[in-house]
Amino acid sequence: MISRLLMTLQVVVPPPQKLGAVPHGTRLVAPIASGTFEGPRLRGKVLPGGADWLLLRSDGVLELDLRITLETDDSALIYMTSFGLRHGPPEVLAALARGESVDPSKYYFRTAPRFETSAPQYAFLNRLIAISSGDRRANGPVYTIEEIL
Amino acid sequence: MHKLEVLEEGRRPISVRRRDVLKAVAASVVASATSALTGGAHSAGADDLATGKGTAMNSRPLMTVRIAAAPPQKLYTVPHGIRSIVPVTGGDFDGARLRGQILPGGGDWLLLRSDGVLELDLRITLETDDHALIYMTFQGLRHGPPDVIAALARGEAVDPASYYFRTVPRFETSTEKYAFLNRIITVGVGETRPDGAVHKIDEIL
């Protein structure tokens, strides 16, 4: 699969809202307070108001379902969604849960972002498939997002 | 396979000859992989692509899926674009870790957006050669130079490097042997052939 860097996205996540056991698994809602993104073709900040709707499934896989709004440094708005999966060895996930720094190669954390924008200079985002690799850090995840060529 | 002629109505006149596009993509593997973007006016950052900045993502082949479909049900203009529903009648898939048949009954809910991009929204059931059932969905995008898309609509064989056709498949199964499918993110490179669509799906590692 051939790809190239689209951007690196870092979001700041306050403590999640824990909804507990729901029919599909264990639900957490993690509001996104802020963040930044930077790449060769776009950069800017994450607006408050988005969130990640997390679901821990019965097979131990964490499903991520993110919706955020990006604002570029030239004031364009980009709606971004991302569906992803995170899983790994129990001791690695336990370390992440304790907020420890963990080598991201020790667990699987991949997402498929999608974008919507009306800004002509960023319309290429409407037309691409992207894949990101996540790194769960103490104050929030960092996503390296690649455009699939 | 289904023809998408209804979806091509109202497109711009041909501005790039297909022969020129194909000539342009023959230069290298990287250029070929990126030609869908360099071949049309819809590309931002085409200069970057022309210099071959794409790199190999850490992935490995999962399987190739060949889909047989009935003629599309044409719903024409709906609020989000032009809708066609393509019933899936069969097909097959094979890879190093799984192979089998596509069961009839699924479909691809196609939407041609106002920006000329075709959105795909597929739901099918796979049956492996050892009788496990796998529910597969994908969402995807297809777009390219107008003449290439027109050739596809006429049912012609077109070099898949001359257009962009990518999907993000997802899987559900209860079978332990194939449970790894529940846990992976994948990407498909699609090809519209006269006799159906073929998707080469890679697991993202």
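Listed in order, the protein sequences are those of chains Y and P. Counting from 4, one number per residue, gives the positions in the first sequence under the numbering used here. Counting from 1061, one number per residue, gives the positions in the second sequence under the numbering used here. We treat Cβ as the ideally placed atom computed from N, Cα and C, and that holds for glycine.
(request) Provide the residue(s) that pair with residue 1167/P in DSSP beta bridges, ordered along the chain. (result) 1147/P, 1183/P
(request) Determine the direct distance from the alpha carbon of residue 1262/P to that of residue 1116/P, and round the result to whole angstroms. (result) 12 Å
(request) Consider the Cβ of residue 1157/P: report whether some Cβ of chain Y lies at a distance smaller than 7 Å. (result) no
(request) Out of 1139/P, 1223/P, 1162/P, state which residue places its alpha-carbon closest to the alpha-carbon of residue 1201/P. (result) 1223/P
(request) Using a Cβ-Cβ cut-off of less than 7 Å, give me the residues of the region 58 to 84 of chain Y that come near chain P, in sequence order. (result) 62, 64
(message) Quick check on this structure: which residue in 97/Y, 64/Y, 125/Y, 49/Y has the alpha carbon closest to the alpha carbon of residue 86/Y?
(response) 64/Y
(request) Could you tell me which residues DSSP pairs with residue 1191/P in its beta bridges? (result) According to DSSP, which records beta bridges pairwise, residue 1191/P is partnered with nothing at all.
(request) Compare the beta carbon distance of residue 1254/P and residue 1215/P with 7 Å and say whether it is the shorter of the two. (result) yes
(request) Name the residue from 32/Y, 96/Y, 79/Y whose alpha carbon lies nearest to the alpha carbon of residue 123/Y. (result) 79/Y
(request) Would you verify that the beta carbon of residue 1088/P is, or is not, closer than 7 Å to some beta carbon of chain Y? (result) Since pLDDT at residue 1088/P reaches only 37, below the 50 mark, its modelled position is unreliable, and no value is offered.
(request) Label residue 141/Y either buried or exposed according to how many other C-beta atoms from any shown protein chain fall within 10 Å of its C-beta, with 16 as the threshold for buried. (result) exposed
(message) Give me the DSSP bridge partner(s) of residue 89/Y.
(response) 65/Y, 112/Y
(message) To the nearest angstrom, how far is the alpha carbon of residue 1032/P from that of residue 112/Y?
(response) This structure does not reach residue 1032/P, given that chain P is present from 1061 up to 1265, and the question cannot be answered.
(request) Leaving aside the five residues before and after residue 1323/P along the sequence, list all residues of the same chain whose C-beta is less than 6 Å from its C-beta, in chain order. (result) The structure shown does not extend to residue 1323/P, since chain P is modelled only from 1061 through 1265, so no value can be given for it.
(message) Tell me which residues of the region 1161 to 1189 of chain P have at least one Cβ-Cβ distance to chain Y shorter than 7 Å, keeping chain order.
(response) 1175, 1177
(message) Between the alpha carbons of residue 88/Y and residue 1243/P, how many angstroms are there, rounded?
(response) 7 Å
(message) So residue 1194/P contacts chain Y; which residues on that side make the cut at Cβ distance below 7 Å?
(response) Under the 7 Å cutoff, chain Y gives no residues; its nearest Cβ is about 15 Å from residue 1194/P.
(request) With a 10 Å radius around its C-beta and 16 neighbouring C-beta atoms as the bar for buried, classify residue 1265/P as buried or exposed. (result) exposed
(request) Go to residue 1208/P, then tell me how far its alpha helix (DSSP H) extends in each direction, as first and last residue. (result) 1206 to 1213
(request) Leaving aside the five residues before and after residue 1063/P along the sequence, list all residues of the same chain whose C-beta is less than 7 Å from its C-beta, in chain order. (result) Residue confidence for residue 1063/P is low, a pLDDT of 42 falling below 50, so the modelled location carries little weight and cannot support an answer.
(request) Enumerate in chain order the residues of its own chain whose CB-to-CB distance from residue 1079/P is below 8 Å, with the five nearest sequence positions on each side excluded. (result) In this prediction, residue 1079/P has a pLDDT of 40, which is less than 50 and means its spatial position is unreliable; what the coordinates show is noted afterwards. Closer than 8 Å at Cβ, skipping near neighbours: no residue.
(request) Tell me whether the beta-carbon of residue 1183/P lies closer than 7 Å to the beta-carbon of residue 1166/P. (result) yes
(message) Please report the straight-line C-alpha distance between residue 1006/P and residue 61/Y, rounded to a whole angstrom.
(response) In the structure as shown, chain P begins at 1061 and stops at 1265. Residue 1006/P is therefore absent and cannot be evaluated.
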